[in-house]
Amino acid sequence: MKTIYFVTNNMGKVREAKALLEKLGIDAQQLAYEYPELQSDDLEEIAKYGAKHAAMHLKKPVIVEDAGLFISALNGFPGPYSSFTFKRIGNEGILKLMRDVKDRKAQFRSVVGYCAPGKETITFSGAVEGEISHEPRGRSGFGYDPIFLYGDRTFAQMSTEKKNEVSHRCIALRRFAEWLQKNNE
1431 MKTIYFVTNN
1441 MGKVREAKAL
1451 LEKLGIDAQQ
1461 LAYEYPELQS
1471 DDLEEIAKYG
1481 AKHAAMHLKK
1491 PVIVEDAGLF
1501 ISALNGFPGP
1511 YSSFTFKRIG
1521 NEGILKLMRD
1531 VKDRKAQFRS
1541 VVGYCAPGKE
1551 TITFSGAVEG
1561 EISHEPRGRS
1571 GFGYDPIFLY
1581 GDRTFAQMST
1591 EKKNEVSHRC
1601 IALRRFAEWL
1611 QKNNE
């Protein structure tokens, strides 16, 4: 089994990545390292920078993942600022912003950046379409999962296994795993 180091402090991301990658023959080990996060409107740019910085500092092949919730009626907000926004206003704040909004379309996007020391970062993207619910539903998952509707259920109403079949993060991680296996990194 190949080992990859997932640089994140978000244990929800670690749980999801481990569950998915283990099935693909990859052991994801979490490394808690606070790399400086690039401020950008582009998730790919943020992931590239984070992976390169972490690989150089830790001297190990690493992945980082940056994700965002992009709400159509809010012109893509909170987007790459999703983590900051969640810490400040949470799901209730997003629901207040969406109170009388009819267009509830949203997209979760994820970019996984992989970098080995001395090499350039390679990125893998995933996205899933959904809607913002009118109230939080479910107890699984983390972050915006209780307000992101995929079909008739929120991500927080799904098991990790079910969410890993359809989520933006699983799409990006699967693409990374396929690349890793083909390129025998």
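Here the working numbering is used: the first residue of the sequence shown is 1431, the next is one more, and so on.
Quick reminder that beta carbons are idealized off the backbone N, C-alpha and C, glycines included.
Margin query: Under DSSP, the alpha helix (DSSP H) around residue 1596 begins and ends at which residues?
Written below: 1590-1596
Notebook entry, point to check: Any idea if residue 1486 is buried or exposed, counting beta-carbon neighbours within 10 angstroms, 16 or more meaning buried?
Noted result: exposed
Next item on the list: Have a look at residue 1450 and residue 1528 and give me their C-alpha separation to the nearest angstrom.
Entry: 32 Å
Check: Quick one: any contact between the stretch 1511-1530 and the stretch 1542-1561, if contact means 3 or more CB pairs under 8 Å?
Finding: no
Notebook entry, point to check: Looking at the structure shown, is residue 1515 part of a helix, part of a strand, or coil, going by DSSP?
Noted result: helix
Notebook entry, point to check: Within 10 angstroms of its Cβ, does residue 1569 collect 16 or more other Cβ (buried), or is it exposed?
Noted result: exposed
Next item on the list: Tell me, please, whether the stretch 1529-1544 touches the stretch 1585-1599 by the rule of three or more beta-carbon pairs shorter than 8 Å.
Entry: yes
Margin query: Closest to residue 1607 by C-alpha separation, out of 1493, 1474, 1475, would be which residue?
Written below: 1493
Notebook entry, point to check: Are the stretch 1448-1463 and the stretch 1431-1440 touching, with three or more C-beta to C-beta distances below 8 Å?
Noted result: yes
Notebook entry, point to check: Touching or not, the stretch 1466-1473 and the stretch 1500-1511, by the rule of three or more beta carbon pairs under 8 Å?
Noted result: yes
Checklist line | residue 1506, DSSP secondary structure in three states | finding: coil
Next item on the list: Taking only runs that begin and end inside the stretch 1449-1512, name each unbroken beta strand (DSSP E) of 3 or more residues, in chain order.
Entry: 1456-1461, 1492-1501
Note to self: On a Cα-Cα basis, can you pick out the residue from 1447, 1452, 1463, 1522 that is closest to residue 1577?
What the structure shows: 1522
Checklist line | Inter-residue spacing [alpha-carbon to alpha-carbon] between residue 1612 and residue 1605 | finding: 11 Å
Margin query: Measuring straight from C-alpha to C-alpha, what distance separates residue 1565 and residue 1495?
Written below: 27 Å
Check: Around the C-beta of residue 1446, are 16 or more other C-beta atoms found within 10 angstroms, so that it is buried, or is it exposed?
Finding: buried
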